[in-house]
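Participant: Please see the structure below; I have some questions.
There are 2 protein chains.
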Amino acid sequence: MLSLLDLRARIEAGTLTPAGAIDLCRAAIAAREPELRALVAMDEAAAIPEAGPLAGIAVGVKDIIDSAGLPTQMGSSIYEGWRPRGDAAVVARLKRLGAVALAKTTTTAFASSDPTGTVNPHDPGHTPGGSSAGSAAAVGAGLLPLALGTQTAGSVIRPASYCGCAAVKPSFRLIPTVGVKTYSWALDTVGLFAAGVADVAHALALVTGRPEIDRAEAASAPRIGLVRQDFAEPPEPEAESALMRARRAAERAGARVTDLALPPELAQAWERHRFIQNYEGRLALAWEYDAHRDALPPRVREHLDVGDGISPAEYDDARRHGHHARRVLKGVFADYDAILTFSAPGPAPATLAFTGDPRFNQLWTLMGVPCVNVPVPGDRLPVGVQVIGRFGDDGRALAVARMIEYALRS
Amino acid sequence: MLSLLDLRARIEAGTLTPAGAIDLCRAAIAAREPELRALVAMDEAAAIPEAGPLAGIAVGVKDIIDSAGLPTQMGSSIYEGWRPRGDAAVVARLKRLGAVALAKTTTTAFASSDPTGTVNPHDPGHTPGGSSAGSAAAVGAGLLPLALGTQTAGSVIRPASYCGCAAVKPSFRLIPTVGVKTYSWALDTVGLFAAGVADVAHALALVTGRPEIDRAEAASAPRIGLVRQDFAEPPEPEAESALMRARRAAERAGARVTDLALPPELAQAWERHRFIQNYEGRLALAWEYDAHRDALPPRVREHLDVGDGISPAEYDDARRHGHHARRVLKGVFADYDAILTFSAPGPAPATLAFTGDPRFNQLWTLMGVPCVNVPVPGDRLPVGVQVIGRFGDDGRALAVARMIEYALRS
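Quick mapping for you: the protein sequence lines, in order, are chains D and X.
686 is the number that this note's numbering gives the last residue of the first sequence; the numbers go up by one with no jumps.
686 is the number that this note's numbering gives the last residue of the second sequence; the numbers go up by one with no jumps.
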């Protein structure tokens with residue numbers, strides 16, 4: 277993979293120019309993209325800033341995120357050839373930092389669950405996950421040092437786990453969603469993919485203008501709650517094994533890891549995530565559903581059909597459960613610096629017809645808390661673990677994740 | 277003014293066709309629009325549904341709200357000729373109900389405070405208010421029975437007060453903002469303008485699919501807290517007089533009106549509203565600010581310059597104050613069914629160079645609570661009063677507003 281921090285260090289040392297760094301990406305894309313199919317469009321004539329803290333960093337932009345000068349097609353024929361006038365807020369911010377929006381990356385239609393043509397960089401017979409398929413695959417394959425995704429259920433953490441890269445789904449609204457196609461305004465969260473946890477932490481600090489995110493350090497003996505999310509179907513052995521390796525690594529690094537059974541309010545909220553996603557999706561995609569229903573692929577259409585049958589009262593009830601569970605979770609974090617849990621049920625499924633199951637991600641998206649995927653080395657196909665912090669404390673979540681990532685490698 | 281309920285009653289009685297109702301609007305537009313300058317674009321070939329609970333209802337759509345087939349130009353040369361592909365969620369919903377998106381209405385650039393060319397329907401030397409200038413003026417002048425606006429500070433309730441029509445700024449996110457240009461994601465709220473309170477209540481119930489909003493009734497002796505918002509500069513005599521007339525009308529109708537001094541947390545939140553608006557505006561309009569700064573008119577540019585200087589810590593502090601004040605306000609509503617206060621500091625200022633002061637609106641936008649403008653008859657230039665309900669109880673706020681509106685007329 278291409279490490280953002282490594283590229284930046286070489287640029288700052290004068291051994292690599294920003295244009296040279298972009299050329300590295302172009303060469304990697306030329307070599308691997310024909311098989312990977314992670315990109316929808318490339319900016320062949322992109323201006324390459326010479327200065328800025330992200331100069332020389334090529335970014336992949338999920339194709340539901342507006343980028344001036346490139347099409348934004350939402351993974352759907354309904355938006356074929358569509359070109360927004362301007363950049364999404366996060367893209368404008370990245371450009372201001374010197375980064376280059378080099379490519380649009382594949383997305384399932386409207387960031388739902390109909391698979392893209394992208395394959396897993398570690399085995400082309402396996403899904404890269406979704407919905408941020410192209411961003412995860414492009415970073416995992418070493419095409420790009422940074423990519424943008426979004427998560428409404430599990431669309432950042434799960435594909436990062438499948439593709440073997442680091443990722444952060446930050447606290448809700450820490451990165452603006454302005455210029456990002458909405459599926460669920462209460463859930464949609466912009467996230468970042470990069471090679472390692474330090475790379476995503478550095479990028480998040482710059483994107484948000486909050487340097488403390490990058491400077492945070494884990495406590496000397498952080499209190500980590502190991503959560504199995506027993507409310508969901510159990511994971512596969514590879515995910516359990518990765519969690520155990522991460523636990524032992526954390527303990528070697530000095531963390532105090534204890535099993536944590538979540539209060540029942542969290543399971544109750546988890547069960548209701550889908551009511552919020554489907555109800556709001558039906559409203560958010562009202563034009564597409566009403567005017568172009570036949571052009572919607574089957575899975576998103578089915579989700580919207582389900583959403584069409586949810587009453588405002590059911591939705592309000594789900595929102596109230598989510599609100600209540602957020603307060604309960606705040607109490608849980610009084611005793612823990614971070615939660616350690618599964619990123620996905622197992623390695624990437626051996627199919628291109630299914631993007632995988634977000635059951636270990638939905639709760640945390642609804643809670644709005646920062647989630648980090650830490651790749652766990654060892655298996656043929658990547659598996660990651662998820663480090664979760666309290667709302668608004670993205671720096672600490674990333675610091676604990678970095679500690680575990682480092683300990684796993686040593 | 278054209279009453280939505282009156283038009284619908286005539287259509288249901290068979291004495292008016294939907295096409296005939298649209299023709300009434302076209303005739304009114306032909307007569308008054310040359311002077312009023314409330315409209316940016318008209319859909320001359322709009323399809324007119326024969327059926328649906330809003331068949332025959334022509335809607336004005338503020339020009340920051342996407343509408344397929346019509347330009348959406350944000351009141352800014354940066355978006356000249358811009359045509360979104362689809363409808364905003366609220367526009368799609370209105371069309372599904374049978375309404376016709378007949379016209380785009382003027383907006384200050386990006387719904388900020390640089391005046392439009394629209395004049396007040398009651399005196400062309402006076403502002404119609406802003407930012408939803410065209411929607412308020414078009415309804416107040418009787419051009420349209422329904423119009424969409426947005427409020428981030430006071431952009432729905434204030435222009436409604438100035439133009440003499442009813443309006444509702446519903447609970448936060450009760451109407452989706454999907455497809456609406458963002459200024460501040462924590463504040464932007466879609467609202468409705470119509471002739472009377474019953475008209476906006478009926479429209480809101482249909483738009484949200486929540487019939488209980490329209491069926492709610494005020495308690496037999498509702499407890500109303502009269503709030504003067506002493507933290508802001510005092511109002512002009514006309515606004516004070518309108519508030520007193522509304523108070524007496526409410527008491528005649530059986531309400532128990534008592535003076536209510538708000539807890540200090542609410543004044544503290546009010547002082548911080550602008551930090552949220554300016555900080556988020558700077559992020560939301562990052563592309564416009566970075567790539568087209570010279571094309572921004574002076575007031576919005578100045579607001580964004582201010583936003584550029586606000587630190588994340590100041591913003592976080594403002595958000596925390598807002599969050600805390602919302603909980604305090606919830607406690608206040610344990611003892612009151614509604615709050616009655618000023619809609620605006622006075623009648624529309626005698627200028628077209630200033631859209632008026634939102635100081636009596638900002639707090640309530642930040643609180644996310646439903647606000648209703650009730651026109652108060654009597655003065656040469658309209659003045660309204662504001663009825664405010666608890667979060668999520670839009671029906672009760674509208675019921676109390678309807679009660680006061682009725683009592684004011686009798």
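Cβ atoms here follow ideal geometry from the backbone N, Cα and C, with glycine treated the same way.
Since we're looking at a predicted model, the values are computed, not measured.
1. Might you give, ordered along the chain, the residues of its own chain that have their beta carbon closer than 6 angstroms to the beta carbon of PRO325 (chain X), omitting 5 neighbours on each side?
2. Run through chain X and tell me which residues come within less than 7 angstroms of ARG486 (chain D), C-beta to C-beta.
3. Please decide whether GLY668 (chain D) counts as near chain X, where near means a Cβ-Cβ distance under 9 angstroms.
4. Determine whether the Cβ of PRO651 (chain X) lies closer than 9 angstroms to any Cβ atom of chain D.
5. Hey, quick one: how far does the alpha helix (DSSP H) through LEU450 (chain D) stretch, first residue to last?
6. Kindly indicate if chain X contains any beta-carbon less than 9 angstroms away from that of LYS371 (chain D).
7. For GLY598 (chain X), tell me which candidate among X:ALA306, X:LEU281 and X:ARG548 has the shortest Cα-Cα distance.
8. Check for me: the alpha helix (DSSP H) holding ILE324 (chain X) runs from which residue to which?
9. I'd like to check one pair, VAL473 (chain X) with LEU674 (chain X): are the Cβ atoms closer than 9 angstroms?
10. Cβ of GLY632 (chain D) within 9 angstroms of Cβ of ARG491 (chain D)?
11. So is LYS371 (chain X) buried or exposed if we call it buried at 16+ other beta carbons inside 10 Å?
12. Can you tell me which of the three DSSP states GLY416 (chain D) falls into?
13. Whole angstroms are fine: how far does the CA of PRO404 (chain X) sit from the CA of THR428 (chain X)?
14. If you follow the alpha helix (DSSP H) that ASN554 (chain X) is in, where does it begin and where does it stop?
15. Report the partner residues of ALA289 (chain X) according to the DSSP bridge assignment.
16. Would you list the residues sitting across from THR617 (chain D) in a DSSP beta bridge?
17. In the region 356-367 of chain D, which residues sit with their C-beta less than 7 angstroms from some C-beta in chain X, listed in chain order?
18. Decide if the region 597-613 of chain X is in contact with the region 557-574 of chain X; the criterion is three or more beta carbon pairs, one per stretch, under 8 angstroms apart.
19. Are PRO646 (chain D) and SER447 (chain D) closer than 9 angstroms when you measure CB to CB?
20. I'd like to check one pair, ILE341 (chain D) with THR348 (chain D): are the Cβ atoms closer than 9 angstroms?
21. Leaving aside the five residues before and after SER407 (chain X) along the sequence, list all residues of the same chain whose C-beta is less than 6 angstroms from its C-beta, in chain order.
22. Return the CA-CA distance between MET679 (chain D) and SER686 (chain D), expressed in angstroms with no decimal places.
23. Rounding to the nearest angstrom, what Cα-Cα distance links LEU278 (chain X) and VAL582 (chain X) in this structure?
24. Which residues, in chain order, does the region 546-575 of chain D contribute to contact with chain X at a C-beta distance below 9 angstroms?
25. Taking 9 angstroms as the CB-CB limit, is THR453 (chain D) close to chain X?
26. In chain X, which residues lie with their C-beta within 9 angstroms of the C-beta of TRP461 (chain D)?
27. Using a Cβ-Cβ distance cut-off of 9 angstroms, determine whether ILE354 (chain X) contacts chain D.
28. Residues bridged to ARG282 (chain X) by DSSP?
29. Counting contacts by CB-CB distance shorter than 9 angstroms, is ALA344 (chain D) in contact with chain X?
30. Taking 9 angstroms as the CB-CB cut-off, is ASP592 (chain D) touching chain X?
31. Nearest chain X C-beta to LEU458 (chain D) closer than 9 angstroms, yes or no?
32. Check whether the Cβ atoms of PRO435 (chain D) and LEU312 (chain D) sit closer than 9 angstroms, and answer yes or no.
33. Helix, strand or coil, according to DSSP, for THR383 (chain D) in the structure here?
34. Would you tell me roughly how many angstroms separate the C-alpha atoms of TYR612 (chain X) and GLU681 (chain D), rounded to the nearest one?
35. Quick check: the Cα distance between ALA295 (chain D) and SER437 (chain X), rounded to an integer number of angstroms?
36. For ASP506 (chain D), count neighbouring C-beta atoms within 10 Å of its own C-beta (all shown protein chains included) and say buried if the count is 16 or more, exposed if not.
Facilitator: In short, the structure shows the following:
1. ALA331 and GLY374
2. PRO588
3. yes
4. no
5. It is not in any alpha helix (DSSP H) - LEU450 (chain D) carries neither H nor E in the DSSP assignment.
6. yes
7. Looking at the Cα atoms, X:ARG548 is the closest of the given residues.
8. Taken as a continuous stretch (DSSP letters only), ILE324 (chain X) belongs to no alpha helix (DSSP H), as it is neither H nor E.
9. Going by C-beta atoms, LEU674 (chain X) is nearer than 9 angstroms to VAL473 (chain X).
10. Cβ distance not < 9 angstroms, so GLY632 (chain D) and ARG491 (chain D) don't count as in contact.
11. buried
12. In this structure, GLY416 (chain D) counts as helix in the three-state DSSP scheme.
13. 17 angstroms
14. 540-560
15. None; ALA289 (chain X) has no bridge partner.
16. Within the DSSP secondary-structure output, THR617 (chain D) pairs in a beta bridge with D:GLN662.
17. Those would be TRP358, ARG361, GLY362, ASP363 and ALA365, in chain order.
18. no
19. In this structure, PRO646 (chain D) sits near SER447 (chain D), with a CB-CB distance shorter than 9 angstroms.
20. Cβ distance < 9 angstroms, so THR348 (chain D) and ILE341 (chain D) count as in contact.
21. THR383, THR384, ALA387 and SER431
22. As the crow flies, the alpha-carbon of MET679 (chain D) is around 11 angstroms from that of SER686 (chain D).
23. 41 angstroms
24. Identification of residues in the region 546-575 of chain D having a C-beta nearer than 9 angstroms to some C-beta of chain X yields GLU556, LEU559, ALA560, LEU561, ALA562, TRP563, GLU564, TYR565, ASP566, ALA567 and HIS568, given in sequence order.
25. yes
26. The answer, in chain order, is ARG449, PRO452, THR453, VAL454 and TRP461.
27. By this cut-off, ILE354 (chain X) is an interface position.
28. The sequence as given places Asp at residue 282 (chain X); Arg does not occur at that position. BP columns for ASP282 (chain X) are empty, so no partner.
29. yes
30. yes
31. Residue 458 (chain D) is actually Thr in this sequence, not Leu. True, the Cβ-Cβ gap to chain X drops below 9 angstroms.
32. no
33. coil
34. 54 angstroms
35. Rounded to whole angstroms, ALA295 (chain D) to SER437 (chain X) spans 57 angstroms at the Cα level.
36. exposed
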